[in-house]
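Residue numbers (this note's numbering): 23 to 503. No residue lacks a Cβ here, since even glycine has one placed at the ideal position from N, Cα and C. This structure is a prediction, so every number in the text was calculated from the model and none was measured. Input: a single structure, listed below in structure tokens.
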Amino acid sequence: MRRAFQKIIRLHPEDTKKLVPIPIEIPTGTEALRIKFSYSPMEVDDLELGRNLMRAKVKSYAAACEGDPNIPPAVQAFWLQLAQDVDRFLPLRNLLNFSLYDPTGRFRGRWDSPQYFGRWAEMGPDLSRGFICGGVTAGEWTLELEVHALLSKEVEAVLEVEILGADAPRWFAGEMHSHTNHSDGRASLAEVRQAVREHGLDFMVLSDHNTIAAHPDIPKENRQPLVIPGLEWTTFHGHAVAVGVREYIDWRAEKQDTLHEKTAAVHRQGGLVSIAHPFTVGDPFCTGCEWEYANVDPRDVDLVEIWSGSWQKHAIPNWRALTWWDELLNRGCRITGVGARDLHRLEQLDEPDTANTYVWAPICSEEEIIAALKRGAVQVSQGALAELGVQTKSGAVYTIGDTIPRHEQAEAELHVSVSGLEGAGELRLIGNGRVIQRVRGYSGEPVAFAVPGEISWLRVQVHRTTADETPLLITNPVYFS
Ligand SMILES: [Zn+2]
Ligand SMILES: [Zn+2]
Numbered sequence: 023m024r025r026a027f028q029k030i031i032r033l034h035p036e037d038t039k040k041l042v043p044i045p046i047e048i049p050t051g052t053e054a055l056r057i058k059f060s061y062s063p064m065e066v067d068d069l070e071l072g073r074n075l076m077r078a079k080v081k082s083y084a085a086a087c088e089g090d091p092n093i094p095p096a097v098q099a100f101w102l103q104l105a106q107d108v109d110r111f112l113p114l115r116n117l118l119n120f121s122l123y124d125p126t127g128r129f130r131g132r133w134d135s136p137q138y139f140g141r142w143a144e145m146g147p148d149l150s151r152g153f154i155c156g157g158v159t160a161g162e163w164t165l166e167l168e169v170h171a172l173l174s175k176e177v178e179a180v181l182e183v184e185i186l187g188a189d190a191p192r193w194f195a196g197e198m199h200s201h202t203n204h205s206d207g208r209a210s211l212a213e214v215r216q217a218v219r220e221h222g223l224d225f226m227v228l229s230d231h232n233t234i235a236a237h238p239d240i241p242k243e244n245r246q247p248l249v250i251p252g253l254e255w256t257t258f259h260g261h262a263v264a265v266g267v268r269e270y271i272d273w274r275a276e277k278q279d280t281l282h283e284k285t286a287a288v289h290r291q292g293g294l295v296s297i298a299h300p301f302t303v304g305d306p307f308c309t310g311c312e313w314e315y316a317n318v319d320p321r322d323v324d325l326v327e328i329w330s331g332s333w334q335k336h337a338i339p340n341w342r343a344l345t346w347w348d349e350l351l352n353r354g355c356r357i358t359g360v361g362a363r364d365l366h367r368l369e370q371l372d373e374p375d376t377a378n379t380y381v382w383a384p385i386c387s388e389e390e391i392i393a394a395l396k397r398g399a400v401q402v403s404q405g406a407l408a409e410l411g412v413q414t415k416s417g418a419v420y421t422i423g424d425t426i427p428r429h430e431q432a433e434a435e436l437h438v439s440v441s442g443l444e445g446a447g448e449l450r451l452i453g454n455g456r457v458i459q460r461v462r463g464y465s466g467e468p469v470a471f472a473v474p475g476e477i478s479w480l481r482v483q484v485h486r487t488t489a490d491e492t493p494l495l496i497t498n499p500v501y502f503s
């Protein structure tokens with residue numbers, strides 16, 4: 023089994039001579055670890071800056087030995103001449119390295135640029151390249167980035183991690199929004215869990231209106247389905263699900279509030295903020311259901327429901343939510359689109375045109391599901407699943423939720439196939455909110471597209487070919503940065 027992820031780190035001159043810790047979560051069952059690291063630019067293009075720095079250094083070095091009776095005058099003169107000829111040392115280089123520490127803080131090896139630039143450094147019980155041979159225990163490892171010299175305005179570092187032997191990642195299906203009889207749901211948590219399990223879902227988010235009263239009903243052996251605790255802020259001016267919180271969070275807010283303190287309270291608990299059914303018809307039809315918090319900084323929000331309940335029944339609010347999500351993505355906000363039934367009655371599980379939220383994770387644990395939701399490794403679907411890969415010229419392959427470095431965008435190709443489609447639909451390739459390509463009569467076969475140069479995100483939708491164009495599947499984007 024193999025699991026890979028990528029991180030992009032941006033560094034600036036003020037980071038020089040600093041250590042930057044980067045946590046890496048290693049799952050149980052990991053046998054070996056591979057890390058590839060590169061950064062750009064390596065060379066400092068401001069030659070004049072390099073020239074001035076070198077001259078100053080040569081001069082001060084020459085001055086320090088000037089008049090030293092033990093150093094022959096000809097040798098001293100050599101250093102003074104060097105000040106006139108520093109160009110041979112240019113361009114200067116940005117210099118980054120890193121060391122690796124296991125969860126106990128033990129040193130486990132080092133990456134050194136001349137040896138490993140663009141190549142894998144490896145570690146395992148019988149494997150040692152840069153890192154020290156040995157077992158790879160589960161837990162939080164630290165990669166400590168050493169910024170030895172950084173003179174360019176910005177350096178972008180790309181860290182690729184491959185975890186071998188860990189549990190096989192797969193798509194886990196979940197319901198992102200559900201109520202029990204502790205609020206206005208019809209069933210107890212035990213009954214909801216039973217129905218969710220029978221429906222084949224792997225996890226559910228418990229989100230009663232403004233209460234955590236059902237949390238003690240979450241079984242200790244919390245599996246199949248995994249219940250992620252939460253609550254639904256049900257305010258006078260909009261609803262939001264706090265996903266993965268255990269403590270009560272006050273819902274009371276005015277329409278003009280930024281909700282910043284409330285969203286921060288969710289994040290402090292390790293949870294995510296999900297805007298619920300943002301365009302549901304509000305007062306007086308559904309009191310307080312429409313999202314009216316125009317002051318909220320979208321960067322404080324992690325998820326948005328783009329598919330709430332039955333698409334057919336809620337077609338207008340769902341189309342509007344989808345359009346709004348595109349606008350937020352175009353503003354550079356990295357918000358994950360999710361589906362939600364807003365489960366109040368168990369029959370809603372079988373309602374037509376409702377969507378599950380599929381999350382790509384190594385295991386179905388609260389921590390992994392939340393991390394994958396945050397990263398955007400998510401597709402929203404009636405059951406069909408897309409396999410999406412952006413292949414770059416360097417041979418790297420990126421998928422839903424990944425960020426592709428800009429320099430990899432040229433000549434990149436997007437490969438898509440879909441499994442589980444019933445009948446033919448229309449595949450749409452969406453980039454920066456616009457339909458870039460359509461494939462009519464699409465029934466899941468592999469198709470490839472050239473990646474346009476100017477876009478910052480790309481995703482795929484499959485729709486019915488009926489007049490209402492109901493979606494069957496919506497993926498989250500791959501991002502270019
Ligand atoms: Zn609601
Ligand atoms: Zn609700």
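The nearest non-hydrogen atom of ligand 2 is less than 7 Å from the C-beta of ASP364. Between ARG450 and VAL457, the C-beta gap is smaller than 8 Å, which places the two residues in contact. Secondary structure note for VAL97: it is in no beta strand (DSSP E), and the uninterrupted alpha helix (DSSP H) holding it is 95–104.
Annotation note: the stretch 289–320 contains the following uninterrupted beta strand (DSSP E) runs of length 3 or greater, listed N- to C-terminal: 294–297. Selection TRP101, ILE297, ASP109, SER387 evaluated against PHE225 yields SER387 as nearest (Cα-Cα). Residue nearest to PRO35 within the set LEU71, ASP375, PHE100, PRO306 is LEU71 (criterion: CA-CA distance). With contacts defined as CB atoms closer than 8 Å, PRO247 and LEU223 qualify as a contacting pair.
Nearest Cα to ILE48 within the set PHE258, THR126, ILE271: THR126. In the three-state reduction of the DSSP assignment, HIS336 falls in the coil class. Under the three-state reduction of DSSP output, HIS170 falls in the strand class. Runs of the beta strand (DSSP E) spanning 3 or more residues and lying entirely within the stretch 418–453 occur at 435–441, 447–453, in chain order. Pairing HIS261 with ALA236 gives a Cβ-Cβ distance that is not under 8 Å.
Contact between the stretch 214–222 and the stretch 168–178 is absent: fewer than three C-beta pairs spanning the two stretches fall below 8 Å.
Counting the other CB atoms within 10 Å of its CB gives LEU172 a total of 16 or more, which places it among the buried residues. When distances are taken from the beta-carbon of HIS261 to the heavy atoms of ligand 1, the shortest one is below 7 Å. For ligand 1, a non-hydrogen atom lies closer than 7 Å to the CB of HIS299. Nearest neighbour of ARG321 by Cα position, chosen from ASN92, ALA337, THR257, CYS355, turns out to be CYS355. Under the DSSP assignment, MET198 falls in the beta strand (DSSP E) whose first and last residues are 192–200. Bounds of the alpha helix (DSSP H) holding ALA394 are 388–397. For ASN244, the closest alpha carbon among the candidates LEU228, THR233, PHE258 is that of LEU228. Secondary structure of LEU248 (DSSP, three-state): strand. Within its own chain, the residues whose Cβ lies closer than 7 Å to the Cβ of THR256, once the five positions on either side in sequence are excluded, are HIS231, ASN232, TRP273, GLY310, listed in chain order.
Sequence-distant Cβ neighbours of GLN431 in its own chain, meaning closer than 7 Å and more than five residues away, are VAL473, GLY475, PHE502. Per DSSP, SER416 has no beta bridge partner at all.
For THR257, the shortest separation between its Cβ and any heavy atom of ligand 1 does not lie below 7 Å. Placement of the Cβ of GLU254 at a distance of less than 7 Å from at least one heavy atom of ligand 2 is found. Assignment of beta-bridge partners to ARG32 by DSSP yields GLU178. Taking 8 Å as the cut-off, the Cβ atoms of GLY442 and GLY405 count as close.
Three or more beta-carbon pairs separated by less than 8 Å link the stretch 155–175 to the stretch 122–142, which places the two stretches in contact.
The three-state reading of DSSP puts SER82 in helix, counting H, G and I together. Residue environment for THR345: exposed (fewer than 16 other C-beta atoms within 10 angstroms of its C-beta). The closest heavy atom of ligand 2 lies 7 Å or more from the beta carbon of HIS336. Three or more Cβ pairs drawn from the stretch 194–214 and the stretch 372–388 lie within less than 8 Å of each other, which places the two stretches in contact.
If you draw a 10 Å sphere on the C-beta of GLY445, you find fewer than 16 other C-beta atoms in it, and that means exposed.
No Cβ-Cβ contact shorter than 8 Å links ARG215 with ARG367.
In this structure, the C-beta of SER332 stays at least 7 Å away from each heavy atom of ligand 2.
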